[in-house]
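Numbering (the numbering used here), first residue to last: 991 to 1196.
Some notes on the structure that comes next.
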Amino acid sequence: MSTSYHHGDLKAVLLAYAREQMERDSLDGLSMREMAKAVGVSHTAAYRHFQDKRALMEAVALQGFEEMLTGCESAIAAVLPAESRSRLKACGRAYVGFGLKSPRLLVHMFGAVSQSQSNESLVQAGARLFDLLLGLVGAGQADGTFRQGDARQLSHTCWAMVHGLSTLLGVGVLRAPTAELEALHLSAEQALDVLLDGMAATAAPR
991 MSTSYHHGDL KAVLLAYARE QMERDSLDGL SMREMAKAVG VSHTAAYRHF QDKRALMEAV
1051 ALQGFEEMLT GCESAIAAVL PAESRSRLKA CGRAYVGFGL KSPRLLVHMF GAVSQSQSNE
1111 SLVQAGARLF DLLLGLVGAG QADGTFRQGD ARQLSHTCWA MVHGLSTLLG VGVLRAPTAE
1171 LEALHLSAEQ ALDVLLDGMA ATAAPR
């Protein structure tokens, strides 16, 4: 990879390089100086965009949350007719799909947002993702699709299941050949149906 600070795209190139290296192996041993050298610029130029490696990694996490949110919103919008169960499943499918495509990034995103000193933009990005889920669950409760109760609690349960599923299947991506992706997606579809069956208004509450 090569670029120039004067082209105005160095920030994007550094983000792309960091993500590529993250998914390929690890960024633990790479310094900002080494990453700048790898993309063909001086470390001084790199520091004009990111104060340090931590700032770069927070930007990677923020970009991941924004992409996931956009992917979920697009998946929801594509559901016709706009039925609550299908919309929530589409969101879950997009979430898992993101995790299967970028398993290490998914882990990094939530590790970054859990840090006590994480920046506000990163925290808000995670909050927007939860608000999207909360809106889907609340709409499903309002139209009688999902069981009644605390919408936030139900949303947290839903997120925990989908995130856990994404993380576990992501391990499969890291260990298995790409040819098995179809089987992993099928497993995700089946698990999402189990979750949605449990959330249904007709399910016996415990």
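The beta carbon of each residue, even a glycine, is placed where N, CA and C say it ideally should be.
How many angstroms separate the CA atom of residue i from the CA atom of residue j?
{"i": "Ala1202", "j": "Gly1128", "result": "The question about residue 1202 has no answer here: the residues shown for the chain are numbered 991 through 1196."}
{"i": "Glu1172", "j": "Arg1038", "result": "42 angstroms"}
{"i": "Val1184", "j": "Ala1141", "result": "19 angstroms"}
{"i": "Gly1082", "j": "Glu1110", "result": "25 angstroms"}
{"i": "Met1189", "j": "Ile1066", "result": "18 angstroms"}
{"i": "Gly1116", "j": "Arg1165", "result": "28 angstroms"}
{"i": "Arg1118", "j": "Gln1107", "result": "19 angstroms"}
{"i": "Gly1139", "j": "Ser1177", "result": "28 angstroms"}
{"i": "Gln1011", "j": "Gly1030", "result": "15 angstroms"}
{"i": "Met1151", "j": "Leu1144", "result": "11 angstroms"}
{"i": "His1033", "j": "Thr1147", "result": "44 angstroms"}
{"i": "Ala1002", "j": "Ala1132", "result": "42 angstroms"}
{"i": "Leu1020", "j": "Leu1112", "result": "23 angstroms"}
{"i": "Ser1016", "j": "Ala1008", "result": "9 angstroms"}
{"i": "Glu1013", "j": "Glu1057", "result": "16 angstroms"}
Rounded to the nearest angstrom, how far is the Cβ of residue i from that of residue j, given a contact under 8 angstroms?
{"i": "Leu1090", "j": "His1153", "result": "With a Cβ gap of about 13 angstroms, Leu1090 and His1153 do not count as contacting."}
{"i": "Ser1074", "j": "Phe1120", "result": "18 angstroms between Cβ atoms; not a contact."}
{"i": "Phe1040", "j": "Leu1004", "result": "7 angstroms"}
{"i": "Ala1084", "j": "Val1069", "result": "Going by Cβ atoms, the distance from Ala1084 to Val1069 rounds to 11 angstroms, so no, they are not a contact pair."}
{"i": "Trp1149", "j": "Leu1186", "result": "So it is not a contact: roughly 14 angstroms between Cβ atoms."}
{"i": "His1134", "j": "Ala1191", "result": "According to the sequence as given, residue 1134 is Gly; it is not His. The pair is a contact, with the Cβ atoms about 5 angstroms apart (cut-off 8 angstroms)."}
{"i": "Met1025", "j": "Ala1036", "result": "7 angstroms"}
{"i": "Gly1125", "j": "Phe1088", "result": "About 19 angstroms separates the two Cβ atoms, so there is no contact after all."}
When the Cα of residue i is compared with those of the options, which residue comes out closest?
{"i": "Leu1059", "options": "Leu1020, Val1086 and Thr1147", "result": "Val1086"}
{"i": "Leu1159", "options": "Leu1096, Leu1186, Ala1026 and Met1022", "result": "Leu1096"}
{"i": "Ala1028", "options": "Arg1044, Leu1000, Arg1165 and Gln1053", "result": "Leu1000"}
{"i": "His1098", "options": "Gln1138, Arg1165, Thr1192 and Arg1044", "result": "Arg1044"}
{"i": "Gly1162", "options": "Pro1093, Arg1014 and Ser1076", "result": "Pro1093"}
{"i": "Ser1156", "options": "Ala1181, Ala1026 and Gln1138", "result": "Ala1181"}
{"i": "Gln1114", "options": "Leu1052, Gly1125 and Leu1144", "result": "Leu1052"}
{"i": "Glu1179", "options": "Leu1078, Ser1145, Ser1064 and His1146", "result": "Leu1078"}
{"i": "Asp1042", "options": "Gln1138, Arg1023 and Glu1057", "result": "Arg1023"}
{"i": "Gly1130", "options": "Ser1076, Arg1118, Gln1143 and Glu1170", "result": "Ser1076"}
Should residue i be counted as a contact of the ligand GTP given a C-beta to heavy atom distance under 8 angstroms?
{"i": "Gln1180", "result": "Summarising the ligand content, the structure contains no ligands, and the ligand GTP is consequently not present."}
The stretch 1097 to 1107 contacting the stretch 1043 to 1060, beta-carbon criterion three pairs below 8 angstroms: yes
Alpha helix (DSSP H) runs contained entirely in the stretch 1029 to 1079, provided each spans 4 or more residues: Those alpha helix (DSSP H) runs which fall completely within the stretch 1029 to 1079 and span 4+ residues are 1033 to 1037 and 1043 to 1067.
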